[in-house]
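Below is one structure; the comments refer to it alone.
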Amino acid sequence: MRWSSAFIPTLRDDPTDAEAVSHKLLVRAGFMRQLMAGHYSMTPLGFRSLRKLEAIVREEMEKIGGQEFQLPCMHPREIWEKSGRWSTMGDEMFRLQDRKEADVALGMTHEEIFAFHAAELRSYKSLPQIWYQFQSKFRDEARPKSGLLRVREFTMKDSYSFDLDEAGLDHSFDRHFEAYRRMFKRFGFEIVAVEASSGSMGGNTSIEFMLRTDAGEDWVAGCGGCGYAANVEKAESVIPEIADGEGLAEPEKFPTPGVKTIDDLAKMDGGAAGDRQIKTLVYKIDEKDVLILLRGDHQLSEQKLVDQVESETMRPAEPGEIKKLLGALPGSLGAVGRGDLFVIADLALQGRKDMVTGANEDGFHLRGVDLARDIDVKGWLDLREVQNGEACPMGGKGLEVYKTLEVGHIFKLGTKYSEAMGATVQNENGESVTLVMGSYGIGLERNLAAVVEANHDENGICWPVNIAPYEVCVTVVKPKDVECHEAGERLYEKLSESGIDVIIDDRDERPGVKFKDADLVGFPYRVTIGPKGLADGVFEFVRRRDGQKRDIPIEHAAETIVEAVLDERS
RNA sequence: CGGGCCGUGGCGCAGUCUGGUAGCGCGCUUGACUGGGGGUCAAGAGGUCGCGGGUUCAAGUCCCGCCGGCCCGACCA
Numbered sequence: 003m004r005w006s007s008a009f010i011p012t013l014r015d016d017p018t019d020a021e022a023v024s025h026k027l028l029v030r031a032g033f034m035r036q037l038m039a040g041h042y043s044m045t046p047l048g049f050r051s052l053r054k055l056e057a058i059v060r061e062e063m064e065k066i067g068g069q070e071f072q073l074p075c076m077h078p079r080e081i082w083e084k085s086g087r088w089s090t091m092g093d094e095m096f097r098l099q100d101r102k103e104a105d106v107a108l109g110m111t112h113e114e115i116f117a118f119h120a121a122e123l124r125s126y127k128s129l130p131q132i133w134y135q136f137q138s139k140f141r142d143e144a145r146p147k148s149g150l151l152r153v154r155e156f157t158m159k160d161s162y163s164f165d166l167d168e169a170g171l172d173h174s175f176d177r178h179f180e181a182y183r184r185m186f187k188r189f190g191f192e193i194v195a196v197e198a199s200s201g202s203m204g205g206n207t208s209i210e211f212m213l214r215t216d217a218g219e220d221w222v223a224g225c226g227g228c229g230y231a232a233n234v235e236k237a238e239s240v241i242p243e244i245a246d247g248e249g250l251a252e253p254e255k256f257p258t259p260g261v262k263t264i265d266d267l268a269k270m271d272g273g274a275a276g277d278r279q280i281k282t283l284v285y286k287i288d289e290k291d292v293l294i295l296l297r298g299d300h301q302l303s304e305q306k307l308v309d310q311v312e313s314e315t316m317r318p319a320e321p322g323e324i325k326k327l328l329g330a331l332p333g334s335l336g337a338v339g340r341g342d343l344f345v346i347a348d349l350a351l352q353g354r355k356d357m358v359t360g361a362n363e364d365g366f367h368l369r370g371v372d373l374a375r376d377i378d379v380k381g382w383l384d385l386r387e388v389q390n391g392e393a394c395p396m397g398g399k400g401l402e403v404y405k406t407l408e409v410g411h412i413f414k415l416g417t418k419y420s421e422a423m424g425a426t427v428q429n430e431n432g433e434s435v436t437l438v439m440g441s442y443g444i445g446l447e448r449n450l451a452a453v454v455e456a457n458h459d460e461n462g463i464c465w466p467v468n469i470a471p472y473e474v475c476v477t478v479v480k481p482k483d484v485e486c487h488e489a490g491e492r493l494y495e496k497l498s499e500s501g502i503d504v505i506i507d508d509r510d511e512r513p514g515v516k517f518k519d520a521d522l523v524g525f526p527y528r529v530t531i532g533p534k535g536l537a538d539g540v541f542e543f544v545r546r547r548d549g550q551k552r553d554i555p556i557e558h559a560a561e562t563i564v565e566a567v568l569d570e571r572s
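Take the first sequence: its letters are residues 3 to 572, numbered as in the working numbering.
The following block contains the structure:
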C-alpha cells in the first residue's frame, strides 16, 4: 500500500469525547470512526487489524476441531420464547416487527439457534461437535462507552459444544480453555482466567478471561501467592473470627436518635463498631419480601444473591414498601422477632452474639442480639463482596482487588437450551439423551481495543506483529529525491514479494510528520530511507515497541527486515 | 433509567452571562522557500452556529420543546 493513496485519517488531537486510551488512539490513528453511540465503522486500517485478529481466532478454533457456520442475525420470536429468554432478556434485546407484524429479534448470542440446528444430530456416534461462527451481535446497552469496549453492535466469535455427557462437556470446555489462552497470547497480552458468575446464561461453571487494565469495568480478586483469582461477583475470602462476649439475656432496645447509617451508629456514644452490627436489607424477590442480613461493615454482592436464589425477578424494596412491612425506614431495620418473614443471612454472621441491629422503630436499635437465639434465619449464604486485603480462601496471601476488562467468557451450559430445542441423540443403548452444551464467546472489536490498551505509549499504538495493519512502514524521507525514491520503491517491492505486509510512506510531507504518523498508527517496524543513510549505504531500521534503532546495509536490508518480522509472527 | 456536562467550518476550541458584521489554532487548496521528529512566508476555500417553535426591529446568544453525544451511577450473555 502507498500511503499517498491510502485513506488513513489521522488526527493531531485527541477526540474530545474519548476517555479510554484505546478509544482515543484508535480514532486518532485513523482505525475507526463513530456512527452513533455504540456503533463504530472500521476504516481500512482498523478492518485490516480486525481481520488479522479474526484469522487467529479462526485458526485456534480449527485446531480444536471447530466447524465454521454462519447463522442469521435476525431471529423469530418463537425460538427465544422456547428458551424463556424472550422475556428474560428484557430491554437489552433489540426487537422489531416485519411487515406482517411478526416479532423479530436481533441476536445477542446464538445458543438457541445453534441448539435448534443441533436437533438434527441423531446419534452419539456423531459427538462431540464444536460449532462456531463470526457474527454481528446486537445488544441495546443502557450505556455504551469507552469506544469499542462497550458497544451495541459488534462481531463475536461464538462457539458451542455438544456432548453426550458431563465428562464430554468437560473435555470440550478444556479444549476451548486452552484455545483461548493461545489466542490471547498471540494477541499480545496477558490475561487472568477467573471463576465467574454465569449471569443470564444459565449453567453452573463459567470462566472469564480478564485483562488487567483501568479501562475495564469488572473487579477481580486475585491472590499473588497461589494464583487464585475470581470475579468479585463470585470471589470468596477468609476473614478473621471475631470473639463475641456473652451479651445479654435478651435483646435490649435503646434510643439512637438521628442514626441513619452503619457509620452513624459506629460513631455514636454507646453505639457499636461496624463489625458488631447487623445490616438489614429488604428485597422483593419475585415480589415476595425477603430480609438480607450482613455484617455492618460488609457489602452485599447482588450477583451472589442472584446466583444462589432461584427467581425470575429481584429488586431492592422501595422505602415506602419497607416502612409498611417493618414499620421503620432504612437506618433502623432489623430481623429480630420477624420469624414470619423469609430471612437470608451472610455466612460471616453465623454464630455471632451480642450484636446491634435496628429495632424496626425509627430512632431505636437493639443491642445484645444473638443470631442463633433471636433471629429465625431461613438460609445461610455467602453474600459478602470480598474486600481488598482479605485472606485468600486457598490459604495463600492477601487478596488484591483490581480492575479488569472481560476479553472472553466460556460457559458450561448443561442442557437448558438443548432441552428447549429438543436436541437429543440416541446413546449406545438406544436411549434418548439430551445433549450437554457449552458456549464460548470472544468479542473481536473489544479484543482489538484490548490489544491497544495493553500495547501503547505516549506517542501512539505499538501493535504486535500479529495484529498490526501493516508489519513494516517504509518511510521515504525525501520522495522528490530520485535516489531516495528509487531505494524506497525497491525495498517496498522486495518486502511485498516476500509476503510482508508493508506500506510505503511516499507522501510529500516533512519527515517529522511521517515519523509522528507512523508512531501514532503503530507499525511494529519502520525503515527510514533518506539521503544521510544512502550516503553511508544504510537504511535505518526502527522497532516501535522499544525504539531500538540500527543501521542496516542496503544490500541485506530486505532479508534482515523479513527475518525480524517472521520471527515475531505466531 | 437517575445525576452532571456538552452540541459553533474536517479536528480542537472562543464567542452565549450582558441580543447588533461568526472568530482563533490545527488541518485543507495554490505557490515559493525548505527537508532526519508535526518548518516558514504569501494567497485562498470551507460554517443552515444540532433541529423545531417562540420573544424581538434584530437571536449562535433569551424562552419552550425535541434530537444527538460524553462522563458518573444503576444495569450489563
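For glycine and all other residues, C-beta sits at the position ideal for the given N, C-alpha and C.
Exercise for review: Evaluate F211 with the Cβ neighbour count: other Cβ atoms within 10 Å of its Cβ, from every protein chain shown; 16 or more gives buried, anything less gives exposed.
Suggested key: That one is buried.
Check your understanding: My guess is that D142 and H112 are in contact by the Cβ rule of under 8 Å, so how many angstroms apart are they, rounded?
Key -> The pair is not a contact, with the Cβ atoms about 17 Å apart (cut-off 8 Å).
Point to revise | alpha helix (DSSP H) segments (min. 4 residues) lying fully within the segment 18-52 | key: If we require 4 residues or more, the alpha helix (DSSP H) runs fully inside the segment 18-52 come out as 23-30.
Check your understanding: Taking all protein chains shown into account, do 16 or more other C-beta atoms lie within 10 angstroms of the C-beta of M439, making it buried, or fewer, making it exposed?
Key -> By the 10 Å Cβ count, M439 comes out buried.
Exercise for review: Ignore the nearest five residues each way along the sequence and tell me which others in F71's own chain have a CB closer than 6 Å to its CB.
Suggested key: The residues are W133, Q135.
Check your understanding: Does DSSP put K355 in a helix, in a strand, or in coil?
Key -> DSSP places K355 in coil when its eight states are reduced to three.
Check your understanding: Can you round the beta-carbon distance between E402 and G226 to whole angstroms, since I take them to be within the 8 Å contact cut?
Key -> Rounded, the Cβ-Cβ distance is 7 Å, consistent with contact.
Check your understanding: Do the CB positions of G360 and S334 come within less than 8 Å of each other?
Key -> It is a contact, given that the beta carbons lie within the stated cut-off.
Exercise for review: Pull up the DSSP beta-bridge partners for P257, would you.
Suggested key: Answer is F366, bridged to P257.
**Study point:** Inter-residue Cα distance where the pair is P526 and M44
**Key:** Roughly 20 Å separates the two Cα atoms.
Review point. Is A319 buried or exposed, if buried means 16 or more other CB atoms sit within 10 Å of its CB?
Key: So A319 counts as buried.
Point to revise | Closest by C-alpha distance to P146, when choosing among D503, R448, V453 | key: It is R448 whose Cα lies nearest to the Cα of P146.
Check your understanding: Roughly how many angstroms lie between the CA atoms of I444 and G410, to the nearest whole one?
Key -> Their Cα atoms are separated by approximately 5 Å.
Review point. Near I287, which residues of its chain fall below 7 Å by C-beta distance, leaving aside the five closest residues on each side in sequence?
Key: The beta carbon of I287 sits closer than 7 Å to the beta carbons of V311, S313, M316 from its chain, once the five residues preceding and following it are set aside; these are given in chain order.
Review point. Given a threshold of 16 other Cβ atoms within 10 Å of its Cβ, counted over all protein chains shown, does L171 qualify as buried or as exposed?
Key: L171 sits buried, since 16 or more C-beta atoms from the chains shown fall within 10 Å of its C-beta.
Check your understanding: Cβ atoms of G190 and I469: under 8 Å apart, would you say?
Key -> Closer than 8 Å, so yes.
Point to revise | Beta-carbon proximity list for G535, same chain, < 6 Å, skipping 5 on both sides | key: Cβ neighbours of G535 within its own chain (closer than 6 Å, five residues either side excluded): F541, E542.
Check your understanding: Going by the CB atoms, is the gap between Q428 and S163 shorter than 8 Å?
Key -> No, Cβ-Cβ distance for S163 and Q428 is not below 8 Å.
Exercise for review: Answer yes if the segment 472-490 comes into contact with the segment 498-505, meaning at least three C-beta pairs across the two stretches below 8 Å, and no otherwise.
Suggested key: Yes, they touch.
Check your understanding: Should G539 go down as buried or exposed, given a rule of 16 or more other Cβ atoms within 10 Å for buried?
Key -> It is exposed - the Cβ of G539 has fewer than 16 other Cβ atoms within 10 Å.
Point to revise | Extent of the continuous beta strand (DSSP E) to which S148 belongs | key: Segment: none, S148 is in no beta strand (DSSP E) and carries neither H nor E.
Review point. Using DSSP with H/G/I as helix, E/B as strand and the rest coil, what is I463?
Key: DSSP places I463 in strand when its eight states are reduced to three.
**Study point:** Environment of N390 [buried if 16+ CB atoms lie within 10 Å]
**Key:** It is exposed - the Cβ of N390 has fewer than 16 other Cβ atoms within 10 Å.
Exercise for review: For the segment 373-446, list the alpha helix (DSSP H) runs that are entirely contained and at least 4 residues long, ordered along the chain.
Suggested key: Runs of the alpha helix (DSSP H) lying entirely within the segment 373-446 and spanning at least 4 residues, in chain order: 373-376, 418-423.
Point to revise | Residue range of the beta strand (DSSP E) that includes L108 | key: It spans 105-108 - the beta strand (DSSP E) in which L108 sits, taken as one unbroken run.
Check your understanding: Does the beta-carbon distance from A337 to L293 come in below 8 Å?
Key -> Going by C-beta atoms, A337 is nearer than 8 Å to L293.
Exercise for review: Can you give me the Cβ contacts of V544 inside the same chain, cut-off strictly under 6 Å, excluding the 5 residues immediately before and after it?
Suggested key: Only R528, K551 meet the Cβ criterion.
Exercise for review: Let me know the secondary structure DSSP gives G170 once reduced to three states.
Suggested key: The answer is helix: DSSP assigns G170 an H, G or I state.
Check your understanding: Would you report the Cα separation of R375 and D384, rounded to the nearest angstrom?
Key -> When rounded, the distance between both Cα atoms is 21 Å.
Review point. What is the C-beta distance between K236 and S199, in whole angstroms, given that I count them as a contact (C-beta under 8 Å)?
Key: With a Cβ gap of about 5 Å, K236 and S199 count as contacting.
Review point. In this structure, does DSSP put V311 in helix, strand or coil?
Key: Coil at V311, not helix or strand.
Practice item. Identify which residue in G322, D378, E363, A350 has its Cα closest to the Cα of F344. Key: Nearest Cα to F344 within the set G322, D378, E363, A350: D378.
Review point. Rounded to the nearest angstrom, how far is the Cβ of G32 from that of L47, given a contact under 8 Å?
Key: With a Cβ gap of about 6 Å, G32 and L47 count as contacting.
Exercise for review: Following the continuous alpha helix (DSSP H) through I563, name the residue where it begins and the one where it ends.
Suggested key: Segment 559-570, the alpha helix (DSSP H) holding I563.
Review point. Which one or two residues does DSSP pair with F156 in a beta bridge?
Key: Looking at the DSSP assignment, F156 forms a beta bridge with K139.
Check your understanding: Could you give the residue range of the beta strand (DSSP E) that holds P555?
Key -> Element bounds for P555: 551-555.
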